[in-house]
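The block underneath contains the structure these notes are about, expressed in structure tokens.
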Amino acid sequence: MQKDNHRLMLEKVFKEHEYQEDALLEILHRAQEIYGFLDRDLLMDISGSLNLPPSKVFGVATFYSFFKLRKPGQHVVTSCLGTACYVRGAEEIVQAVEKEFKVKRGGSTPDGKLSVFATRCIGACAMAPTIVVDDEVIPKATKEVVIKKIKEVLGGAESESV
Amino acid sequence: MKILKAFEDAVKEFGVEKECKVARTGCPGTCAVGPAVMIEPGDYLYQNVTLDKVRNIVRDHIVLGLPIKDMLYKNEGFYKKQHRLVLRNAGKIDPQRIQDYIAAGGYSAVVKCLATMTPQGVIYEVATSGLRGRGGAGFPTGQKWGLVARAHGSPKYIVANLDEGDPGVFANRTLAEADPHAIIEGMLIAAYAIGAEKGYLYIRSEYPLAIQTLQKAIAQAKSISLLGDKVLDTSFKFDLELRFGAGAFVAGEETAILASVEGRRAMPRPRPPYPANSGLYGKPTLIQNVETLANIPIIIQNGGAWFSRIGTPKCTGTKCFSLTGKTNNPGLIEVPMGITLREVVFDIGGGVAEGRKFKAVLVGGPSGGCLPDTLLELPIDYDSLTRVGAIMGSGGIVVLDDKSCMVDTAKFFTEFCVDESCGKCTPCRAGLIRIKDIFDNIMNGSGKMEDISTLEKTGVFIREASLCGLGQTAPNPVLTTLRYFKDEYIEHIAKKDCRAGKCFNEKHEEV
């Protein structure tokens, strides 16, 4: 079962880091890679395995914006809203995506197919505005190109269903 | 990567494998015209290379000896005023091959230190060089090393800061991807000088390629005894590990980064005690930005005195800047300290994009200042920037044109700092929200003239009362826009008008 496989992989991560509490960030990163996001049960599991109070584990998981505590959609759009991208119109692109697909940044569409996140600088500033759709980086993006790409990954006739 | 393979195929097709070696390399800084292809000898740089152009380049330039003039990079001005020391190997070596780094003179500084210099001698050279921390605060590096070296406590640590959270800045990323060993060598020399045996390189998780490149570089260095229990067969021992950030700007602050390495929330703490005396796990710790560290090998190779002659007397050496925004030549540049803003924006940057009018330049990211055209003659150094309300920061320079609204810009930076504030101290946590609320009022037409003085007073208060650098510098964009662009605030409040045409536009918003 996939669940057991995931648990075995997580156990391996704990062993690699020798159950050290100062490896908590590294462990949370790997757990997010394995499970896709960090839900309450997983965080409790990690806190028990590392012998740390749950408040500490939840405290760290909620402090850092990279850690996702809710299940992301099947497809993820990450828009950089750093200075260079903002100055070159990224905010307008994000607003257009939110309007077109009826989803608010930081959240997912009701059917769980699409999530939109805004991030603060992925470091590709000379190609601003930079939008990432799943794993594809779209440099010098425009709202037309981004919306077209999202529709493509969603499989064509999606835009009405949300 | 597809272009790399296409070149390999074309070189094979034309049978010139013996004359022509195809290699990957790091970024030469001309980020907006990638993919870029360099051909040596001759320093040729081809821009915007697409798959269909590859074969022609090999046929004409390599086989027939005729460079294709209209495909070459046209901006001579971009490199002319630069002085690439930190980025000495970027674009010239394969970052995934330690042999390339060594062939370019890399690690000879470590050999020189271990074979001929004492730790005190190393610190002396660094102090003589006048190098100041490139992370933003500009504290004299040699002095910092001396403090850690003399501190009581063991073991001692070194933490390299590659958090680079400033939006708009990618200098550290490029350095790590193009020349990772320069950072490792810098750390080795620093560790030798201060007596540390363990180092952590803290890198933000938003940089996956840099992480991969560093992991490979560390493994290669280990494999030839440059890291480990007996570095180069001496009694000097140094072990290096990567640690990952997770999306917290505040983690770039020196005490916050320590908390993060220890697996805790990245919340700064009061000083004293300073990390030099009580840092990681309460032990003496040197925290240094990676750009500062990349300067160390060449300082040791060429001497502190040589370095001190570059830049200005109080601000020696060079600085990497990420030039972005409404500029014609966005990219990564490295210039001697003391160069003017005008030279950077107009000579290197090629002026404002689309022929528009220059309005402002943002120097120092969300902790920095918004400077007008009257300050274009300002020489870039730590002290002159502080005097005008900006900071050097990690080196972000964003060019704005007349379609940018300065009130909106200040609001944007304030919102960033509100998001990123750790929340520990009231001036930063509550003060910045108060400022944000005022901006929201101004933007929805319910601003009042006294808001201007409230913004000013609150900004000054946050700056003076905050616990750490984030809060202390967060008001800079607001205070500098008030200082240099007050008219725009007045127009927004009294006339509900935005001269850039950006605000008060709901009815015209096209989606």
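Protein chains in written order, with the numbering used here: chain A, 16 to 177; chain B, 6 to 516. No residue lacks a Cβ here, since even glycine has one placed at the ideal position from N, Cα and C. A quick note: this is a predicted structure, and the numbers were derived from the prediction, not measured.
Problem - Residues sharing a beta bridge with B/Pro377, DSSP - result: B/Ala365
Handout entry: Closer than 8 Å to chain A by CB, B/Val368
Key = no
Problem - Residues that DSSP places opposite B/Arg137 in a beta bridge - result: Partner(s): B/Pro145.
Problem - Where B/Pro335 meets chain A, residues with beta-carbon distance less than 9 Å - result: Ala99, Cys140, Ala141, Met142 and Ala143
Practice task
With DSSP as the reference, label A/Gln118 as helix, strand or coil.
Solution key: The residue asked about is misnamed: residue 118 of chain A is Val in this sequence, not Gln. Here A/Val118 sits in coil by DSSP.
Handout entry: Distance CB(B/Thr218)-CB(B/Pro100) smaller than 8 Å
Key = yes
Exercise for the section: Determine the DSSP secondary structure at B/His88, reduced to helix, strand or coil. Expected result: coil
Exercise for the section: Just list the beta strand (DSSP E) runs in the stretch 286-366 of chain B, keeping only unbroken ones of 3 residues or longer that don't cross its boundaries, in chain order. Expected result: The beta strand (DSSP E) runs lying completely inside the stretch 286-366 of chain B and spanning 3 residues or more are 290-294, 323-330 and 336-341, given in chain order.
Problem - Beta-carbon gap between B/Gly204 and B/Phe243 smaller than 8 Å - result: yes
Practice task
Show which residues of chain B have a CB atom less than 7 Å away from the CB atom of A/Ile137.
Solution key: Glu211
Practice task
Please check if any C-beta of chain B sits within less than 8 Å of the C-beta of A/Glu175.
Solution key: Because A/Glu175 sits at a pLDDT of 45, beneath the cut-off of 50, its placement in the model cannot be relied upon, and the following sentence gives the value as read from the coordinates. Chain B, which has no Cβ nearer than 8 Å to the Cβ of A/Glu175, makes this no.
Handout entry: is_contact[B/Gly343, chain A] using C-beta, thresh 8 Å
Key = B/Gly343 does not count as touching chain A.
Exercise for the section: Please classify B/Asn53: does DSSP put it in a helix, a strand, or coil? Expected result: Three-state result, B/Asn53: coil.
Handout entry: Where B/His66 sits in the DSSP three-state scheme
Key = helix
Problem - Cα-Cα separation, B/Asn510 to A/Lys117 - result: 22 Å
Exercise for the section: Could you give the DSSP three-state label for A/Thr93: helix, strand or coil? Expected result: DSSP places A/Thr93 in the strand class (E or B) of the three-state scheme.
Exercise for the section: List the endpoints of the continuous beta strand (DSSP E) containing B/Tyr387. Expected result: From DSSP, B/Tyr387 is part of no beta strand (DSSP E) but of the alpha helix (DSSP H) over Tyr387 to Arg392.
Problem - For B/Arg139 and B/Val516, the rounded distance between their alpha carbons - result: For B/Val516, the predicted model reports a pLDDT of 39, less than 50, meaning its position is unreliable and no value from the coordinates is stated.
Handout entry: Spatial neighbours of B/Asp184 in its chain, beta-carbon cut-off 8 Å, leaving aside the 5 residues before and after
Key = Gly31, Leu92, Arg93, Asn94, Ala95, Ile98, Pro100, Tyr106 and Ala299
Practice task
Using alpha carbons as the reference points, say which of B/Gln52, B/Val368, B/Asp406 and B/Ser409 lies closest to B/Ser389.
Solution key: Comparing alpha carbon positions, the residue from B/Gln52, B/Val368, B/Asp406 and B/Ser409 closest to B/Ser389 is B/Val368.
Exercise for the section: Could you name the residues of the stretch 167-182 of chain B whose beta carbon sits closer than 8 Å to any beta carbon of chain A, in the order they occur along the chain? Expected result: Glu169, Gly170, Asp171, Pro172, Gly173, Val174, Phe175 and Arg178
Practice task
Decide if A/Lys114 is buried, meaning its Cβ has at least 16 other Cβ atoms within 10 Å, or exposed.
Solution key: exposed
Problem - B/Lys10, enclosing beta strand (DSSP E) - first and last residue - result: Element bounds for B/Lys10: not the beta strand (DSSP E) but the alpha helix (DSSP H), Lys7 to Glu18.
Exercise for the section: Could you tell me the boundaries of the alpha helix (DSSP H) in which A/Met59 lies? Expected result: Counting along the chain, the alpha helix (DSSP H) containing A/Met59 begins and ends at Arg55 to Ser64.
Problem - With 16 other Cβ atoms within 10 Å as the buried cut-off, status of B/Glu22 - result: exposed
Exercise for the section: Compare the beta carbon distance of B/Thr332 and B/Gly354 with 8 Å and say whether it is the shorter of the two. Expected result: yes
Problem - CB contact flag (B/Ala470, B/Leu437, <8 Å) - result: no
Exercise for the section: Report the three-state DSSP secondary structure of A/Pro125 (helix, strand or coil). Expected result: coil
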